[in-house]
Amino acid sequence: MTEEILLKVENLKMHFPILAGVFRRQVGAVKAVDGVSFNIHRGETLGLVGESGCGKSTTGRAILQLYEPTAGSVYFGDVDLAALRGEQMRRLRSEIQMIFQDAYSSLNPRMAIGEIIKEPMAIFKTATGKEADDRVDYLLEVVGLSKKYRDRFPHEFSGGQRQRIGIARALALNPKLIVLDEPISALDVSVQAQVINLLEDLQEQFGLTYLFIAHDLSVVRHISDRVAVMYLGRFAELTDKYSLYDRPLHPYTQGLLSAVPIPDPVVEETRQRIILEGDVPSPANPPSGCNFRTRFPIADTFCAEEQPEWREVLPGHFVACHATDPSKIDKNAVWQEKYEKEVVA
Amino acid sequence: MAEPLLEIKDLAVQFDTDEGVVHAVNGVSLKIEESETVAIVGESGSGKSVTMLSTLKLIPQPPGRIVAGSANFFGRDLLNMESSEINQVRGSQIGMIFQDPLSSLNPVLSIGKQLTESMVLHLKVSQEEAEHRSAELLEMVGIPNAKDRLKDYPHQFSGGMRQRVMIAIALSCNPQILIADEPTTALDVTIQAQFVELVKRLREELGLAIIWITHDLGIVANLAKRVVVMYGGLFVEEAPVKELYANPRHPYTIGLLKSLPRLDAKEHHRLLSIDGIPPVLYETPKSCPFAPRCEYAVERCRNENPPLETIAPNHKIACWVNVDTGEER
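Top to bottom, those sequences are chains A and B. Everything in the first sequence is counted per my numbering, starting at 9 for the first residue and increasing by one. Everything in the second sequence is counted per my numbering, starting at 63 for the first residue and increasing by one.
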């Protein structure tokens with residue numbers, strides 16, 4: 009990992025209109041992503057974790073301009089992707105690739121896998137003929153599949169192998185950044201580790217940068233250098249993976265960490281538990297002020313009135329929570345005491 | 063030791079498919095004691111769900127076929143019961159919850175109606191009493207404004223709340239055993255934590271025996287007393303929960319545990335991955351079904367299927383090899 013910033017996302021918003029009535033007038037908006045800012049350094053893996061509906065996949069898609077973002081900018085190097093149109097954007101797509109959860113539906117069932125992997129090279133005219141064929145063989149080998157499979161079709165492969173095919177296709181154009189959206193969630197436990205290890209090897213071999221989006225915090229923390237925790241369209245916390253576990257500052261991160269089971273009965277017996285009550289509110293009608301306040305047991309009027317600022321409270325450690333705001337230091341102690349008394353079981 | 067509540071013996075189940083006869087369960091035996099929580103762990107296709115569904119005769123026959131075995135429950139064999147008899151058992155003495163509560167709830171009936179239905183049928187109580195008890199049940203499973211919500215329909219509840227409704231229905235007739243088939247797989251992790259806490263509380267309050275079917279070794283650590291690991295339609299390891307995690311003896315269990323990233327890892331280390339994929343068995347395994355993926359496999363593994371044998375008190379494995387020495391036991 010270097011200090012060079014490969015991707016810089018600033019105040020990204022992705023709102024989807026809610027239309028109603030005969031004239032399909034807009035009556036509201038689902039604020040799927042509501043102002044997120046972060047950087048990804050060249051060669052690092054940034055994990056993006058959150059529960060269903062929090063906007064993590066939408067963030068990934070908005071970065072790739074698969075949706076047209078409502079607001080904000082996405083700098084890839086020094087180019088603002090959000091400002092690019094047509095051909096210019098298409099050119100850049102070869103440098104940013106995406107891998108999806110459902111490998112099967114992202115592979116054309118009527119194409120042999122050799123053709124699937126070759127297609128991006130044909131579109132971008134990076135290789136043709138024998139050169140392209142050799143590259144297909146090479147890529148198959150790189151992702152751990154035999155080149156003799158090149159004439160087979162996607163349905164002949166297992167889930168893990170299909171994901172490998174998707175990875176080979178993503179690598180075909182030598183991308184710099186790969187957005188991985190729940191790449192292992194559909195796989196069996198024993199196969200998940202194979203794909204995680206493969207992704208780690210490829211990153212090292214090709215100097216890739218990953219945005220790794222998933223709901224499983226254990227997996228995200230394993231593969232990432234830094235982790236962003238997302239809740240209801242906004243980032244709650246972003247820090248390196250070790251501080252995230254050792255020193256989580258946002259109450260949502262604390263609740264999330266506590267909710268993830270650890271496969272060790274001895275640890276489980278003695279673990280501190282914070283059970284977050286209630287459900288995630290609807291992104292069409294988010295709470296005022298801090299969007300987490302409805303599940304924060306000691307939220308007060310302040311949380312309801314003002315949206316907490318996204319601030320760097322420690323070097324490289326970003327949080328959006330009033331309770332960590334140094335300008336409200338007098339409140340912090342009160343919160344802390346109340347929190348320990350009422351929330352931590 | 064007291065008589066087990068439920069004793070499954072030598073259960074074997076097959077399915078007719080276009081590709082051939084799939085041998086889903088190949089002779090498994092399991093005893094459940096009163097108030098005990100047993101977890102059945104396995105990957106997709108390992109036979110964990112089919113084992114319990116077959117025990118309650120809930121697999122479609124055909125294409126499914128229970129080819130051998132018995133399931134003794136209070137002196138009677140569930141597998142030999144007429145459908146009217148087993149209906150009685152399923153609704154009242156053994157409760158079940160599934161992964162997808164929305165598809166197990168009737169979308170056009172109110173929650174109250176679905177709760178009272180089985181009570182009126184099995185407990186022979188009046189409608190009024192059933193309604194009163196329904197409200198109590200919803201309250202017990204932590205649904206706010208329980209009384210008012212009885213007239214609501216399934217789509218008006220969130221995923222976590224629906225799963226709570228399911229457990230209320232499963233518990234409505236005071237079952238001795240609750241069978242939970244991946245009940246938290248579709249839930250978000252904070253909702254899953256709420257649900258697991260609920261189940262632990264209900265277990266204490268009601269003295270329930272629980273059979274929890276899952277692929278998630280994390281949940282099991284926090285919930286089960288005893289764990290059975292399934293692979294290729296067979297039990298490959300069975301041990302008390304702490305023993306299994308501290309001292310796994312079957313290469314598959316060892317591999318599974320080492321392939322899991324741990325949230326509390328202090329440093330990065332490469333995950334151990336098990337090569338290959340789980341098998342689909344078109345015949346009863348004559349060799350160890352894990353042998354093709356096993357790093358410890360010896361000649362005998364490829365010729366003979368190891369039986370489930372006791373290797374230490376309460377600890378059984380189906381493996382020819384001693385993983386410490388790498389040689390045959």
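Virtual Cβ for every residue (Gly too), placed ideally from N, Cα, C. Model, not experiment: these values are computed from the prediction.
- For Arg319 of chain A, the enclosing beta strand (DSSP E) starts and ends at Arg319 to Leu322.
- Residue-level contact check: Ile239 of chain B does not touch chain A, since none of the beta carbons of chain A fall below 8 Å from its beta carbon.
- Straight through space, the alpha carbons of Leu141 of chain B and Ala74 of chain B are spaced by roughly 11 Å.
- Chain-ordered, the chain A residues with CB closer than 8 Å to the CB of Glu105 of chain B read Asp196, Val197 and Ser198.
- Between the alpha carbons of Lys16 of chain A and Pro316 of chain A lies a distance of about 22 Å.
- Beta-carbon to beta-carbon, Lys287 of chain B and Pro302 of chain B are separated by about 7 Å, close enough to satisfy the 8 Å threshold.
- Counting other Cβ atoms within 10 Å of its Cβ, Pro323 of chain A stays below 16 and is therefore classed as exposed.
- Inclusion of Pro271 of chain A and Tyr307 of chain B in the CB contact set at 8 Å is warranted, their separation being smaller than that value.
- Around the C-beta of Glu345 of chain B, fewer than 16 other C-beta atoms lie within 10 Å, and the residue is accordingly described as exposed.
- A residue is called buried once 16 or more other Cβ atoms fall within 10 Å of its Cβ, and Ala232 of chain B is buried on that count.
- Gln218 of chain B counts as exposed, since fewer than 16 other beta carbons sit within 10 angstroms of its beta carbon.
- For Ser166 of chain A, the neighbours in chain B by C-beta distance under 8 Å run, in chain order, Ile339.
- Look at Gln280 of chain A: its C-beta is not under 8 Å from any C-beta on chain B.
- Thr217 of chain A and Ala244 of chain A do not touch by the CB rule: their CB atoms are close to 23 Å apart, not below 8 Å.
- Residue burial is scored here from C-beta neighbours: Tyr146 of chain A has fewer than 16 other C-beta atoms within 10 angstroms and is therefore classed as exposed.
- Ranked by Cα distance from Gly153 of chain B, the first of B:Thr178, B:Gly104 and B:Phe257 is B:Thr178.
- In the same chain as Met228 of chain B, and ignoring 5 residues on each side of it, the C-beta atoms closer than 6 Å to its own belong to Ile159 and Pro163, in chain order.
- Under DSSP, Asn47 of chain A shares a beta bridge with A:Lys16.
- Between the alpha carbons of Glu371 of chain B and Lys378 of chain B lies a gap of roughly 5 Å.
- For Asp78 of chain B, the pairing in a beta bridge is given by DSSP as B:Val83.
- Distances from the alpha-carbon of Ala374 of chain B to those of B:Pro341, B:Arg362 and B:Arg391 put B:Arg391 closest.
- Across the segment 262-276 of chain A, CB contacts with chain B closer than 9 Å involve Gly263, Leu264, Leu265, Ser266, Ala267, Val268, Pro269, Ile270, Pro271, Asp272, Pro273, Val274, Val275 and Glu276, in sequence order along the chain.
- What Glu59 of chain A touches in chain B, judged by beta-carbon distance under 9 Å, is Asp250, Val251, Thr252 and Ile253, going in chain order.
- A distance of 8 Å or more separates the beta carbons of Leu249 of chain B and Gly280 of chain B.
- With its beta carbon at least 8 Å from every one in chain B, Tyr239 of chain A lies outside the interface.
- With respect to Val84 of chain B, Met292 of chain B sits apart: the two C-beta atoms are not nearer than 8 Å.
- Taking 8 Å as the CB threshold, Ala283 of chain B lines the interface with chain A.
- Excluding five sequence positions before and after Arg265 of chain B, the CB atoms of its chain that fall closer than 7 Å to its own CB belong to Thr99 and Ile272, given in chain order.
- Take the alpha-carbon of Val44 of chain A and the one of Gly55 of chain A: they are about 14 Å apart.
- CA-CA distance, Gly131 of chain B to Ser106 of chain B, rounds to 23 Å.
- By the neighbour-count definition (other C-beta atoms within 10 Å, threshold 16), Ala130 of chain A is an exposed residue.
- In the displayed model, Glu164 of chain A falls within a helix according to three-state DSSP.
- Put simply, the backbone Cα of Asp214 of chain B is about 11 Å away from that of Asn207 of chain B.
- Contact annotation, Gly174 of chain A with Ala111 of chain A: C-beta distance approximately 5 Å; criterion of less than 8 Å satisfied.
- Here the C-alpha atom of Val385 of chain B lies approximately 53 Å from the C-alpha atom of Tyr83 of chain A.
- By the neighbour-count definition (other C-beta atoms within 10 Å, threshold 16), His325 of chain A is a buried residue.
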